[in-house]
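Student: Take this structure, written in C-alpha cells, and hold onto it; I'll ask about it next.
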Amino acid sequence: MPDILTLNRSLFAEVTPAGAYYAVASAHLDSARKMLIRLLTEGTNRPPSEEQLMAWSELGSPDDAVQLLYRLQRLDFVRGTETPKRMPQGSLESILPNLLASLSSTGRSILADDSGFYLVTSGFYHEAAVEIAALAGDILTMSNRHALLLKNNLNINSNAWAIMDPAGQSELGFFPMYMGNQSFVLIIDGAPRLQGDEFVTLVQALSYRYG
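Counting in numbering that gives the first Met the number 0, the sequence shown tops out at residue 210, every number present.
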C-alpha cells in the first residue's frame, strides 16, 4: 500500500456488484460494510471527502478512512467513476419486480423477509411464493443458528444456501441480505445473475429504505 494516499476529488466512489454483495451478506457491520452502505445511499450526491469517509466508516481518522477506501478498491468492491450511479426512480414496489426478474436465468425470483413472508415475486404464482418464502425463513433461522460452526469450524464465509442438481448447478438459491435491523432472503430460481448493475440497484434501493 502506498505510504501516502490522497482522494481524487473529481471521481465518485461507485460500489460494484461484488461490493454490494459483501455489504449485505452478513449481519456483522464492520467498517467496510458501513462505508459501502453509505456510499450506496449517499455517495451519489457528490464525490466523497476524507471527512465523509471517516464518518461513514466510523473510523478514528481521515487517513484510516482513505486507506479503507483504497483497500475496497483493490478488492474490486469500489471503483472510481466520473458519473454517479443515480438512485432508482419510482417506488420500491414498482421497481422491484423487474429487478428481481433480471437476477435469475429463468426470470423467477422472490424477495422474502426474515419472518418467512414474501414481499415481491417475479415469475412465481402466489401460492408457490408463499411456500417458498416460508422455506426461506426456515433456512435463515437455521443459517443463523449454525453460523459459528460454518464460519469458525468449517471456514465457510458465505451465508448463501442452494438446492443443487446432480451437476452442482443451483436450481433454487437462497441469499440472506442484512440491512440495518431488517433481514431479507433473495430467492433465485435457476442460475443467479448477481454480477450486474441490477443487483447493485436492488441493494441500493433496499438500503435507502432499510439501511
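Yeah, the Cβ is synthetic: ideal placement off N, Cα and C, and Gly gets one too. Predicted model, so just to flag it, every value in this text is computed and none were measured.
Is DSSP giving serine 182 helix, strand or coil here?
Tutor: As a first step, residue 182 must be located in the sequence shown, where it is residue number 183. Three-state result, serine 182: strand.
Student: Spatial neighbours of arginine 32 within its chain, please: CB distance less than 6 Å, with the 5 preceding and 5 following residues excluded, ordered by chain position.
Tutor: As a working mapping, residue 32 is identified with position 33 in the sequence shown. Cβ within range, chain order: Ala22.
Student: Run the CB neighbour count on aspartate 75, radius 10 Å, all protein chains shown included, and call it buried at 16 or more, exposed below.
Tutor: If you number the sequence shown from 1, residue 75 lands on position 76. Exposed, since its Cβ has fewer than 16 Cβ neighbours within 10 Å.
Student: Count the C-beta pairs between the stretch 25 to 41 and the stretch 54 to 73 that are closer than 8 Å, then say yes if the count reaches three, no if not.
Tutor: yes
Student: Once DSSP output is grouped into helix, strand and coil, what is the label at isoleucine 155?
Tutor: Taking the sequence shown and counting its residues from 1, one reaches residue 155 at position 156. Of the three classes helix, strand and coil, the one that applies to isoleucine 155 here is coil, per DSSP.
Student: Can you tell me whether phenylalanine 183 is buried or exposed? The criterion is at least 16 other CB atoms within 10 Å of its CB, across all chains shown.
Tutor: Within the sequence shown, the letter at position 184 stands for residue 183. Phenylalanine 183 comes out buried.
Student: What does the alpha-carbon distance come out to for the pair serine 90 and glutamate 57?
Tutor: Within the sequence shown, numbered from 1, the residue matching residue 90 stands at position 91. Within the sequence shown, numbered from 1, the residue matching residue 57 stands at position 58. So the two alpha carbons sit approximately 30 Å from each other.
Student: Measure the C-alpha to C-alpha separation of aspartate 188 and glutamate 41 and round it to an integer number of angstroms.
Tutor: Sequence index remark: in the sequence shown, residue 188 carries index 189 (1-based). Sequence index remark: in the sequence shown, residue 41 carries index 42 (1-based). Between aspartate 188 and glutamate 41, the C-alpha separation is close to 32 Å.
Student: Can we count glutamate 81 as close to the ligand HEM, meaning its CB is less than 8 Å from some heavy atom?
Tutor: Ligands displayed in this structure: none; no statement on the ligand HEM is therefore possible.
Student: Could you check which residue in Tyr124, Gly115 and Ala190 has the C-alpha nearest to that of proline 175?
Tutor: Working through the sequence shown from its first residue, we reach residue 175 at position 176. Gly115 is the residue among Tyr124, Gly115 and Ala190 whose C-alpha sits nearest the C-alpha of proline 175.
Student: In terms of DSSP beta bridges, what is threonine 80 paired with?
Tutor: Mapped onto the sequence shown, residue 80 falls at position 81. Beta-bridge annotation (DSSP): threonine 80 is paired with Phe11.
Student: Can you tell me where the beta strand (DSSP E) holding aspartate 196 begins and where it ends?
Tutor: As a working note, residue 196 is residue 197 in the sequence shown. Not the beta strand (DSSP E): aspartate 196 falls in the alpha helix (DSSP H), residues 196 to 209.
Student: Just how far apart, CA to CA, sit glycine 172 and alanine 135?
Tutor: The residue given as residue 172 occupies position 173 in the sequence shown. The residue given as residue 135 occupies position 136 in the sequence shown. For glycine 172 and alanine 135, the distance between alpha carbons rounds to 10 Å.
Student: Where does proline 175 sit, in a helix, a strand or coil, going by DSSP?
Tutor: Within the sequence shown, the letter at position 176 stands for residue 175. Residue state, collapsed to three classes: strand.
Student: What separation, rounded to the nearest whole angstrom, lies between the Cα atoms of alanine 159 and threonine 200?
Tutor: On the sequence shown, position 160 is the one that residue 159 refers to. On the sequence shown, position 201 is the one that residue 200 refers to. Rounded to the nearest angstrom, the two C-alpha atoms are 20 Å apart.
Student: From the DSSP output, which residues share a beta bridge with alanine 161?
Tutor: Counted from its first residue, the sequence shown places residue 161 at position 162. The beta-bridge partner set that DSSP reports for alanine 161 consists of Gly172.
Student: Verify whether the separation of the beta carbon atoms of tyrosine 209 and alanine 26 is less than 9 Å.
Tutor: Here residue 209 refers to the residue found at position 210 when the sequence shown is read from its first residue. Here residue 26 refers to the residue found at position 27 when the sequence shown is read from its first residue. Alanine 26 sits away from tyrosine 209, with the two beta carbons spaced by 9 Å or more.
Student: Kindly indicate which residue of Ser104, Arg8, Leu205 and Ser206 has the alpha-carbon position closest to the one of glutamine 168.
Tutor: The residue given as residue 168 occupies position 169 in the sequence shown. For the residues Ser104, Arg8, Leu205 and Ser206, the minimum Cα distance to glutamine 168 belongs to Ser104.
Student: Among Ala146, Asn151 and Leu39, whose alpha-carbon lies nearest the alpha-carbon of valine 77?
Tutor: Within the sequence shown, residue 77 is the residue found at index 78, counting from 1. Per the Cα distances, Leu39.
Student: Can you give the beta carbon distance from alanine 204 to proline 87, rounded, assuming they're within the 8 Å contact cut?
Tutor: Here the question's residue 204 lines up with position 205 in the sequence shown. Here the question's residue 87 lines up with position 88 in the sequence shown. Confirmed, Cβ separation roughly 5 Å.
Student: Which residues in the same chain as proline 61 place their Cβ atom closer than 8 Å to its Cβ, once the five residues preceding and following it in sequence are excluded?
Tutor: Walking along the sequence shown from the start, residue 61 turns up at place 62. Residues of the same chain with a CB within less than 8 Å of the CB of proline 61, apart from the 5 flanking positions on each side, are Glu49, Glu50, Leu52 and Met53 in chain order.
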